[in-house]
Each structure stands twice: as structure tokens, then as C-alpha cells.
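Just below is one structure, and these are the notes that go with it.
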Amino acid sequence: MNIQQLRHFIALAEKGSFTRAAEHAHLTQPALSRSIAQLEAELGMKLVDRIGKRCEVTAFGNVVLDHARRVLFETEELYRVVKQQHEGSAGRIRIGLGSTPSALLTAPLLSRFSTTNPSLHILLMRGSIPLQVQALRERTLDMLVVEIRGVSITADLHIEMLPALRTGFLVSQGHPLLQNQQVKFSDLRPWPLATTILAPEQIRNMVAIYGPEAHPDESVTFHSDAIDGLLQTTLSSQTIYYGVIAPAHELITSGQLVEVPVRPVSDTSQFAIIRLSGRSQPPMFPILRNLIRERMEEWSAI
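My numbering applies: residue 54 is where the sequence shown begins, and numbers increase by one.
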């Protein structure tokens, strides 16, 4: 038995057919079949049953699959830790950022490490939360800073909560809505509503606060993870922005954007640092974590 055979078996279990697994492993189908057959012969039991063009993992195979994944995880961790020790702080760290953390943290992170650790390679990646969680599990990202309600919490994820940030509605100075002392959600309907792409739990909270008419399918005109673009659209038109207030702090302070007093009061967004449980930390992780926490705590006071 060797690591490569375990990789082949995991690929077969996940892809469900020898053809797709062979393509994934960059092997011919006969070569993959021989690898699985050798593993079965060594273990003395069948790992998969062929059912037409598909194959299903046997009960014994599921036991082996669980152990194989753990062995593969630990093996990759060993190689990664050794590589980090060679690289030290002059290594690489790959961070997935949600839309709001991207708007708030990109400049501080790059500014800090461009002066103190210019040899550190930092990748900041923005995208949908499910895809970022998948990238974390595939080890193409080292950590995430995202809205926790977009994440399905499972045992393999280590969650470190960050301060919640206030959400609200913003419009440009002189918008007709500002003539009202208090505003209901229904009063927003004549104008376009712009927001980031919301997770299902965020949508449920929005509907719970403002009613069925607040469901994004009914109310939102513009969806985008580029908060800067949403704020510029709000600034140059009668579009209403809904989301975390902090990225607009300078525009609010300068009087260019104004918060609309929509009642009831809006929800907050809860963020977290997410890593794989049991995975060793990159050398620069403690410094990164402290910087991220400090900045999010500053923004939470707004």
C-alpha cells in the first residue's frame, strides 16, 4: 500500500466512475483499475462495487476511505510544515476574503506587509463563500475572513469569531427619502436597491425584519461583491445601498452619503476567521490574525 494508491481510491470514491477518476488522476483507466485492484488485494476485501458505468464504495471501502483521507491530510501537512520551516516568514499565505472584509482589509494588509515583510507573498482572493470554503478544504487557501452566516459549520473547520459590523441603508445627499423622519422598507420600492450577494441565512434575517417584500428576488436591483462599485453607483444616482456601513465611513463623514432611518433597525453582519481544523498555522498567521482583529474592532465601533 502506498500514498498514490490511497489518492487513486479517494478520487474513485469522489468521482463515482473509473473514467472520471482516471481523468482526474491523469492516468489511463487500466492503470487506475490496476492500482485499485492492488489495494484491494493487499487489504483482502473489495473496496468498490461496479454498478453499470458507475461504482459505489462498499461498507468496508467507506472505512478505508475515512482512514485514507486522514493519512493523506497528515502527509500533506508534514510536507507543508517542512516547507514552511525552510521558507520562514519569506513564504506565502493565501487568504480568501468576503466582500466586506475585502473592502475593509485589503489596503491595511498590503500596506502593513509591503513595509515590514516585503519578501512575504500574499494572495488575497475574493469570491463566493462556498467556493472559498472549497478552496480552503482543497488547501489552495490558508484561511478565510468571511460572513459566518454564509458558511455551513462542520467539524473540519476552525472558527474564530470577529466583531459584528452594523448594516444599514445609504443614499446620496439630497435623495428624496431623506425628507422623511422615519422610513419603512416599502418606502424604498420606487428606487433601485443595491447590495452584496447575500447568504441564505442573511436573506432569512432580512425577510424576518422587513417582511416578504424584502426578499432580494423581489427588492434588489443590483447584486455585486464589489462594494466600491455599489457605493459609487449610490453616490452618482438615486440607488439605495444596503449592507455593512463601515466601507462607506469616509463618504458618510464627508457628507456625500447619508444613512436612511429605516425602521425597524437593520441587522448586523457577523464575521469570522476560518481555518482547517488540525492544520498547522503559516508562520505569519498570528501577526495576520491580530491585525485583522484590530481593524475589525475599529470598524465595529462605527
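Cβ coordinates follow ideal geometry from the N, Cα and C atoms, glycine included.
Pairwise C-alpha distance: residue j and residue i
i: H268; j: L173; result: 43 angstroms
i: G69; j: R107; result: 6 angstroms
i: T153; j: R103; result: 47 angstroms
i: S142; j: P336; result: Bear in mind that a pLDDT of 47 at S142, under 50, signals an unreliable position, so the number given afterwards is only what the model happens to contain. For S142 and P336, the distance between alpha carbons rounds to 6 angstroms.
i: E351; j: G114; result: 51 angstroms
i: H61; j: R87; result: 10 angstroms
i: P317; j: R342; result: 34 angstroms
i: L184; j: I206; result: 15 angstroms
i: A74; j: P83; result: 11 angstroms
i: T41; j: K99; result: The first residue shown for the chain is 54 and the last is 355, placing residue 41 beyond what the model contains.
i: A64; j: G97; result: 20 angstroms
i: A90; j: M259; result: 53 angstroms
i: A287; j: P245; result: Before going further, note that residue 287 is Thr rather than Ala in the sequence given. Distance between the alpha carbons of T287 and P245: 9 angstroms.
i: H79; j: T128; result: 21 angstroms
i: L197; j: E109; result: 33 angstroms
i: H228; j: S289; result: 11 angstroms
i: V273; j: N233; result: 22 angstroms
i: I182; j: R192; result: 15 angstroms
Beta-carbon proximity of residue i to residue j, cut-off 9 angstroms
i: V199; j: G149; result: yes
i: I298; j: L215; result: no
i: Y295; j: L310; result: no
i: L176; j: I146; result: yes
i: S353; j: L230; result: no
i: L344; j: L162; result: yes
i: E254; j: G308; result: no
Selected residue, minimal CA-CA separation from residue i, among the options
i: S333; options: R60, V124, R133; result: R133
i: Q58; options: V110, A121, T128; result: A121
i: D240; options: V313, L197, S290; result: V313
i: L157; options: P245, M178, S272, P300; result: P300
i: M54; options: E67, V124, Q323, P265; result: V124
i: F166; options: M349, F338, I355; result: F338
i: E213; options: I256, M349, R179; result: M349
i: E130; options: E347, G331, I355; result: G331
Cβ neighbours of residue i in the same chain (closer than 8 angstroms, five flanking residues each side left out)
i: L284; result: L223, Y294, P300, A301, L304, L310
i: R179; result: G149, L150, G151, S152, S155, D278
i: I56; result: V124, L125, T128
i: Q291; result: V224, S225, H228, P229, W244, P245
Cut-off 6 angstroms between Cβ atoms - residues of its own chain near residue i, not counting five sequence neighbours on either side
i: I201; result: Q323, A325
i: S319; result: T220, G221
Own chain partners of residue i with C-beta closer than 7 angstroms, once the 5 adjacent residues on each side are dropped
i: T72; result: Q82
i: Y263; result: F238
Checklist line | Meets three-Cβ-pair contact criterion under 8 angstroms: the region 249 to 264 and the region 276 to 290 | finding: yes
Notebook entry, point to check: Is there contact between the region 185 to 202 and the region 232 to 239, where contact requires at least three CB pairs shorter than 8 angstroms?
Noted result: Not touching, per the Cβ criterion.
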